[in-house]
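Taking it in order: structure first as structure tokens, then the write-up.
4 protein chains.
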Amino acid sequence: MAQLGLIGLGKMGFNMRERLRAAGHEVIGYDRNPDLTDSTSLEDMVSKLDGPRIVWIMVPAGEPTRQTVAELGNLLSEGDLVIDGGNSKYTDDKINGDLLAAKKIGYLDCGVSGGVWGKDNGYGLMVGGAASDVEKAMPIFDALRPEGPREEGFSHAGAVGSGHYAKMIHNGIEYGMMQAFAEGFELLEAAKVVENVPAVIKGWQRGTVVRSWLLDLLVRALDEDPELDDLEGYVEDSGEGRWTLEEAINNAVPAPVISAALFARFASRQEDSAAMRAVAALRNQFGGHSVKKAGS
Amino acid sequence: MAQLGLIGLGKMGFNMRERLRAAGHEVIGYDRNPDLTDSTSLEDMVSKLDGPRIVWIMVPAGEPTRQTVAELGNLLSEGDLVIDGGNSKYTDDKINGDLLAAKKIGYLDCGVSGGVWGKDNGYGLMVGGAASDVEKAMPIFDALRPEGPREEGFSHAGAVGSGHYAKMIHNGIEYGMMQAFAEGFELLEAAKVVENVPAVIKGWQRGTVVRSWLLDLLVRALDEDPELDDLEGYVEDSGEGRWTLEEAINNAVPAPVISAALFARFASRQEDSAAMRAVAALRNQFGGHSVKKAGS
Amino acid sequence: MAQLGLIGLGKMGFNMRERLRAAGHEVIGYDRNPDLTDSTSLEDMVSKLDGPRIVWIMVPAGEPTRQTVAELGNLLSEGDLVIDGGNSKYTDDKINGDLLAAKKIGYLDCGVSGGVWGKDNGYGLMVGGAASDVEKAMPIFDALRPEGPREEGFSHAGAVGSGHYAKMIHNGIEYGMMQAFAEGFELLEAAKVVENVPAVIKGWQRGTVVRSWLLDLLVRALDEDPELDDLEGYVEDSGEGRWTLEEAINNAVPAPVISAALFARFASRQEDSAAMRAVAALRNQFGGHSVKKAGS
Amino acid sequence: MAQLGLIGLGKMGFNMRERLRAAGHEVIGYDRNPDLTDSTSLEDMVSKLDGPRIVWIMVPAGEPTRQTVAELGNLLSEGDLVIDGGNSKYTDDKINGDLLAAKKIGYLDCGVSGGVWGKDNGYGLMVGGAASDVEKAMPIFDALRPEGPREEGFSHAGAVGSGHYAKMIHNGIEYGMMQAFAEGFELLEAAKVVENVPAVIKGWQRGTVVRSWLLDLLVRALDEDPELDDLEGYVEDSGEGRWTLEEAINNAVPAPVISAALFARFASRQEDSAAMRAVAALRNQFGGHSVKKAGS
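Next up, the structure:
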């Protein structure tokens with residue numbers, strides 16, 4: 091059985107510790123929250139690990155992850171291995187990997203998909219880095235990934251950064267798929283030709299072309315709230331969709347669906363649209379079309 | 091000087107009567123509103139015209155226009171000419187034209203652009219029908235169109251229906267242009283890099299690639315209300331944008347800009363979006379992402 | 091066991107006959123192709139069925155289906171039932187249903203999803219019409235739908251027309267999902283950060299948010315042709331995507347993803363784009379930007 | 091009369107020198123091309139200017155401009171002023187301005203619109219930087235901008251960077267407007283309801299809502315080539331459109347029209363689309379739909 095240091099025991103990290111322990115691995119967790127942590131500090135966590143050590147980082151992307159990598163660079167030893175399992179931008183991985191490589195510490199980036207369901211179903215994993223490092227961490231990956239053939243829930247995507255790149259594109263696709271279901275749902279609701287919208291969507295779960303996990307989740311949501319009117323049409327975005335669109339720009343690749351899905355989220359968060367005020371103003375100017383006065 | 095019967099003396103028809111009379115033409119108007127009309131009924135109006143008569147229809151598109159054409163078919167005589175200057179769908183023109191042709195009454199469809207400014211600036215005209223009928227009505231068209239070379243403010247687009255077709259496409263383009271300006275305005279407002287947004291937009295009126303009448307109108311609107319916050323971002327659509335998109339579908343022509351402009355108007359009128367409730371619900375299902383509860 | 095007349099034994103109808111017979115039902119097929127048919131004519135087929143009869147139509151949508159319904163109206167008797175399982179536009183169903191109702195013949199419209207895989211996996215079914223007619227045909231539906239809970243592969247969507255409506259929206263969603271995967275695939279190919287694109291996509295099949303039947307099919311396609319370069323990026327569309335967009339227009343529902351997916355198909359079939367020639371011409375006009383001359 | 095050093099005498103810089111000299115200003119140009127230059131080196135150019143000097147940079151954006159600014163920092167003196175009139179990204183301006191500010195040399199960024207027509211019509215100018223620096227250079231700006239009220243062809247947008255920011259957004263709008271006209275043109279061409287497409291477009295120049303300089307240029311292009319079939323639908327993009335979309339992402343502003351216009355250009359340059367190969371492959375997988383084999 092393997093041994094792992096795991097930094098960050100939030101919603102994702104906590105569940106991963108559970109799944110790893112259930113598979114028989116030893117996990118020494120570290121979190122600032124004393125109710126969650128298995129160690130008092132990063133130093134303490136590192137000291138409890140036998141070498142060569144493997145440390146998994148599961149903290150917020152950006153500064154927190156880069157800071158943690160830098161600290162680990164000072165605490166770990168040649169031959170140890172760091173895995174960033176958070177949602178880092180793939181360009182951060184080069185920086186993190188180079189910093190550790192200078193100290194002969196290995197680095198892997200691992201995109202993780204599956205959300206809160208991963209604890210029981212396993213997580214889809216996309217890994218970037220050296221094959222020898224991937225090999226070292228394979229018992230961990232095998233415990234985290236879903237059951238079934240390894241290659242259906244795990245991939246070694248390429249060099250450092252490619253794991254998070256694959257996850258970023260995965261999320262871009264996810265945005266597009268969600269918006270496709272969402273437009274279909276709204277059309278069914280609006281047209282009122284179909285009398286039982288939740289029944290139709292539930293009936294798509296087997297045999298159809300659109301059957302998918304997202305569809306299963308939509309069915310689940312409709313079971314709880316048949317018109318989804320307990321919540322607002324207000325949707326956050328968490329970075330990967332934006333980065334995917336940046337990649338489309340950088341590579342001159344048309345991405346009309348992914349961008350439309352991202353823009354729909356932006357628009358969902360606006361109380362009022364400056365753009366549409368401009369269109370209303372223009373119509374009023376040329377046509378004398380009536381406008382809605384603010385506050386009316 | 092020509093003589094014209096003019097049915098419908100609303101915002102557009104009223105102004106057109108003014109412009110025609112200012113050019114020296116005789117106009118016998120008919121409107122249900124006794125304060126506006128020059129005649130007591132369609133029959134009365136027709137009786138006041140010398141043959142061969144020319145009658146211009148300026149009533150709402152659809153049923154009102156089709157009904158008016160049918161009534162004129164009973165009142166007019168062989169050799170008379172009807173012109174539909176409203177915003178009819180081009181497919182209506184075939185029906186209207188055939189109905190009148192069976193009685194040897196001529197028919198022209200005329201797309202009219204220019205809004206409330208047309209009275210003073212002249213109207214852009216796009217006409218469909220027989221060349222001989224176009225010739226008969228040319229004094230009217232010449233009075234309505236802007237000054238300058240005829241071919242820069244008037245076109246004979248082709249057979250019956252082609253005038254309204256040209257106007258429909260004109261409006262589709264107009265939707266796209268307005269949305270382009272609107273997105274630019276919102277970006278300038280949101281980024282706050284430019285300190286004086288109205289001054290920048292005013293400064294685009296000469297020398298730039300985007301100089302245009304719509305830009306002049308945006309400058310005018312910003313002069314009155316520099317952040318356009320006296321009105322709401324709520325925008326109606328009047329049919330031509332939808333028809334343009336239908337034509338894109340029917341002809342398998344990609345129309346991403348025109349459709350985006352139309353959809354932005356649809357979205358501007360929604361209090362809340364069922365589609366985005368579905369996306370929020372899905373994110374909540376797989377990630378435990380927090381959602382905004384309705385009414386919170 | 092039930093008995094069914096089945097008109098149209100093409101790719102879909104042939105497979106359905108197989109699946110129905112494998113389930114123990116008696117199927118009298120009719121097709122113009124003598125190698126496929128079980129009967130010599132519609133009359134012959136009808137004569138071989140015991141009353142009350144059930145006849146399933148599986149011929150091309152539009153005129154062929156409407157024509158077949160009309161012929162069946164003359165051949166069937168009060169109390170018989172016709173099911174249109176083709177890809178008819180939902181507005182046709184009202185016409186077909188009314189025609190048969192006048193003769194006291196029942197009518198159901200049934201959207202069928204699943205493609206060539208349906209023979210073995212079962213077909214996703216969405217049915218519109220009277221509950222009593224749905225009940226009569228349930229043994230047939232149960233044989234055609236996938237195994238598992240009925241409500242996960244079958245739905246009674248509402249009145250006549252609602253089955254095809256549900257299928258139309260299903261296909262609109264399908265367009266959006268396919269385009270989402272397609273954009274992600276192109277981004278992975280173009281950026282070359284991921285070294286093994288097919289392995290990454292295969293690794294998405296378990297545990298991830300995008301896991302779906304379409305993903306499984308993409309994996310299958312990549313197994314056969316890892317860069318998909320044995321075929322051209324030329325994609326037909328079969329009607330439902332266009333109709334979905336028409337519904338978006340008619341109901342004032344924004345559908346940016348579904349329209350983008352449809353337009354991408356339109357564009358894929360163009361040798362050259364008149365729109366982009368216009369943009370090239372404009373750039374050349376204002377900036378002296380070089381253009382590609384045709385034929386160069 | 092003012093005196094100006096002008097670096098870069100390509101298509102734009104050459105014309106600007108002409109316009110400035112025609113207005114009576116003294117211009118010492120520098121260009122690597124000995125046929126164009128007025129000086130043998132930057133040093134030579136600087137030595138020929140009386141202090142306090144004004145130097146206008148008109149070289150390609152990015153490294154060439156940053157390099158030129160750095161060299162000028164070594165050659166100029168406290169109180170001199172540098173103006174970047176190229177198409178620099180606005181983020182470069184902060185770097186350039188800070189570098190010069192450390193030496194007490196002023197810096198303005200100036201977005202310039204108008205293309206090859208600017209020489210005769212004047213250029214639309216958008217300037218960022220200190221008001222005192224703008225004042226110093228006003229005689230130059232007044233010579234370059236179009237005749238008419240200054241505020242209709244010139245704006246002081248705000249601090250350093252805001253001039254290029256305003257120009258970037260201007261170009262994003264320009265992309266959207268061009269694509270709107272392009273879609274309209276393609277629809278007119280495809281539908282064939284309008285018989286004389288160039289005549290209709292020419293007739294939009296007066297009185298209509300879409301009248302604009304871009305429309306005038308489209309008319310000019312159609313006069314030369316009525317179906318625009320002398321060139322290919324292949325369109326470059328020059329950076330500002332991409333940057334505008336990045337700003338939309340960074341500011342969470344929906345930009346469906348500008349992104350659609352940019353993506354249409356990307357697509358116009360693709361021989362074949364990997365995305366559409368993926369869609370074709372998927373359709374083939376689930377439906378047995380025929381595909382076009384590559385090379386067929």
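Chains as they are written, first to last, in the working numbering: chain A, 91 to 386; chain B, 91 to 386; chain C, 91 to 386; chain D, 91 to 386. Glycine included, each C-beta is placed from N, C-alpha and C at the ideal position.
Practice item. Taking only the alpha-carbon atoms, compute the straight-line gap between B:Leu-215 and B:Val-172 and give it to the nearest angstrom. Key: The straight-line gap from Cα to Cα measures roughly 16 angstroms.
Review point. Along chain C, which residues have their Cβ under 7 angstroms away from the Cβ of B:Phe-376?
Key: Ordered by position in chain C, the residues that pass the 7 angstroms Cβ test against B:Phe-376 are Val-299.
Check your understanding: Excluding five sequence neighbours on each side, which residues of the same chain lie with their C-beta closer than 6 angstroms to the C-beta of B:Met-168?
Key -> Going by the sequence as given, residue 168 of chain B is Glu instead of Met. Taken in chain order, the residues that qualify are Lys-194.
Review point. Is DSSP giving C:Glu-116 helix, strand or coil here?
Key: For C:Glu-116, the three-state secondary structure derived from DSSP is strand.
Check your understanding: Smallest Cα separation from D:Val-206: which of D:Leu-165, D:Tyr-255, D:Asn-105?
Key -> It is D:Asn-105.
Check your understanding: For D:Lys-101, which of C:Lys-383, C:Gly-378, C:Ala-384, C:Lys-382 has the nearest alpha-carbon?
Key -> Of the residues C:Lys-383, C:Gly-378, C:Ala-384, C:Lys-382, the one whose Cα lies closest to the Cα of D:Lys-101 is C:Gly-378.
Practice item. Could you name the residues of the segment 256-277 of chain D whose beta carbon sits closer than 7 angstroms to any beta carbon of chain B, in the order they occur along the chain? Key: Cβ contacts with chain B: Ala-256, Ile-259, His-260, Gly-262, Ile-263, Glu-264, Gly-266, Met-267, Gln-269, Ala-270, Phe-271, Glu-273, Gly-274, Glu-276, Leu-277.
**Study point:** C-alpha gap between C:Asp-182 and B:Tyr-197, whole angstroms
**Key:** CA-CA distance, C:Asp-182 to B:Tyr-197, rounds to 33 angstroms.
Check your understanding: Is DSSP giving C:Asp-319 helix, strand or coil here?
Key -> Correct three-state label for C:Asp-319: coil.
Check your understanding: For C:Ser-358 versus D:Ser-363, is the C-beta spacing smaller than 8 angstroms?
Key -> D:Ser-363 sits close to C:Ser-358, with the two beta carbons spaced by under 8 angstroms.
Point to revise | Nearest to B:Glu-161 (by Cα), restricted to the options B:Met-135, B:Ala-227, B:Gln-269 | key: Nearest C-alpha to B:Glu-161: B:Met-135.
Check your understanding: Do we get a CB-CB distance below 8 angstroms when we pair A:Met-216 with the residues of chain C?
Key -> Yes, contact with chain C.
Practice item. Would you please verify whether the beta carbon of A:Leu-352 is less than 8 angstroms from any beta carbon of chain B? Key: At a cut-off of 8 angstroms between C-beta atoms, A:Leu-352 does not count as an interface residue with respect to chain B.
Check your understanding: Does any C-beta atom of chain B lie closer than 8 angstroms to the C-beta of A:Gly-100?
Key -> No, because no Cβ of chain B sits closer than 8 angstroms to the Cβ of A:Gly-100.
Practice item. Can you give me, in chain order, the residues of the segment 184-206 of chain D that have a beta carbon less than 8 angstroms from any beta carbon in chain B? Key: Under the 8 angstroms Cβ criterion, the segment 184-206 of chain D contributes Ser-203, Gly-204, Gly-205.
Check your understanding: Taking 8 angstroms as the CB-CB cut-off, is D:Lys-226 touching chain C?
Key -> The beta carbon of D:Lys-226 sits no closer than 8 angstroms to any beta carbon of chain C.
**Study point:** Of the residues B:Arg-143, B:Gly-251, B:Ile-185, the one placed nearest B:Ala-227, counting alpha carbons only
**Key:** For the options B:Arg-143, B:Gly-251, B:Ile-185, the alpha carbon positioned closest to that of B:Ala-227 is the one of B:Arg-143.
Review point. How long is the line joining the alpha carbons of D:Glu-469 and B:Phe-231, rounded to whole angstroms?
Key: Not covered by the structure: residue 469 of chain D. The range shown for chain D is 91 to 386.
Check your understanding: Which residues of chain A have a Cβ atom closer than 7 angstroms to the Cβ of D:Val-343, listed in chain order?
Key -> Result: Phe-356.
**Study point:** Nonlocal neighbours in the same chain, by C-beta distance under 6 angstroms from D:Glu-330, ignoring five residues either side
**Key:** Cβ within range, chain order: Met-258, Asn-261.
Exercise for review: Using alpha carbons as the reference points, say which of B:Glu-337, B:Arg-107, B:Ala-365, B:Glu-317 lies closest to B:Asp-209.
Suggested key: The question names Asp, but residue 209 of chain B is Lys in the sequence shown. Minimum Cα-Cα distance from B:Lys-209 among the listed residues B:Glu-337, B:Arg-107, B:Ala-365, B:Glu-317 corresponds to B:Arg-107.
Point to revise | Under 7 angstroms (Cβ pairs) to chain B, residues found in the segment 297-322 of chain A | key: Within the segment 297-322 of chain A, the qualifying residues are Leu-304, Leu-307, Leu-308, Arg-310, Ala-311, Leu-318, Asp-319, Asp-320, Leu-321, Glu-322.
Check your understanding: beta strand (DSSP E) containing C:Leu-171: first to last residue?
Key -> First-last of the beta strand (DSSP E) with C:Leu-171: 171-174.
Check your understanding: At which residues does the alpha helix (DSSP H) containing B:Ala-255 begin and terminate?
Key -> Correcting the residue identity first, residue 255 of chain B is Tyr in this sequence and not Ala. From DSSP, the alpha helix (DSSP H) with B:Tyr-255 extends over 252-281.
Review point. So what does A:Val-145 bridge to, in DSSP terms?
Key: Answer by DSSP bridge pairing, in chain order: A:Gly-95, A:Val-172.
Check your understanding: For the alpha helix (DSSP H) that B:Tyr-197 lies in, which residues bound it at each end?
Key -> Careful: B:Tyr-197 lies outside any alpha helix (DSSP H), inside the beta strand (DSSP E) at 196-203.
Review point. With DSSP run on the structure shown, which of helix, strand or coil describes A:Gly-214?
Key: Strand, per DSSP.
Review point. Does any CB atom of chain E fall closer than 8 angstroms to the CB of D:Glu-279?
Key: Absent from the structure is chain E; the protein chains it does hold are A, B, C and D.
Check your understanding: Would the C-beta of D:Cys-200 count as close to the ligand FAD, meaning under 7 angstroms from any of its heavy atoms?
Key -> No copy of the ligand FAD appears in this structure; indeed no ligand is present at all.
**Study point:** D:Gly-323 beta carbon less than 8 angstroms from that of C:Met-366
**Key:** Yes, they are a contact pair.
Exercise for review: Find the residues of chain A that neighbour B:Arg-109, judging by a C-beta separation of less than 7 angstroms, and give them in chain order.
Suggested key: The contacting residues do not exist; B:Arg-109 stays about 16 angstroms from chain A at best.
Check your understanding: Are any of the Cβ atoms in chain B nearer than 8 angstroms to that of D:Asn-286?
Key -> Look at D:Asn-286: its C-beta is under 8 angstroms from a C-beta on chain B.
Practice item. Taking only beta-carbon positions, decide if C:Ile-424 is within less than 8 angstroms of chain B. Key: Lying before the first or after the last residue shown, residue 424 of chain C is absent from chain C, which here runs from 91 to 386.
Check your understanding: Thinking just about the alpha-carbon of each residue, which of D:Asn-340, D:Asn-186, D:Pro-288, D:Asp-320 is nearest to the one in D:Arg-310?
Key -> When each option's Cα is compared against that of D:Arg-310, the closest is D:Pro-288.
Check your understanding: Is there a Cβ from chain C that is less than 8 angstroms from the Cβ of B:Glu-336?
Key -> At a cut-off of 8 angstroms between beta carbons, B:Glu-336 contacts chain C.
**Study point:** For B:Ala-345, the three-state DSSP class (helix, strand or coil)
**Key:** The answer is coil: DSSP assigns B:Ala-345 none of H, G, I, E or B.
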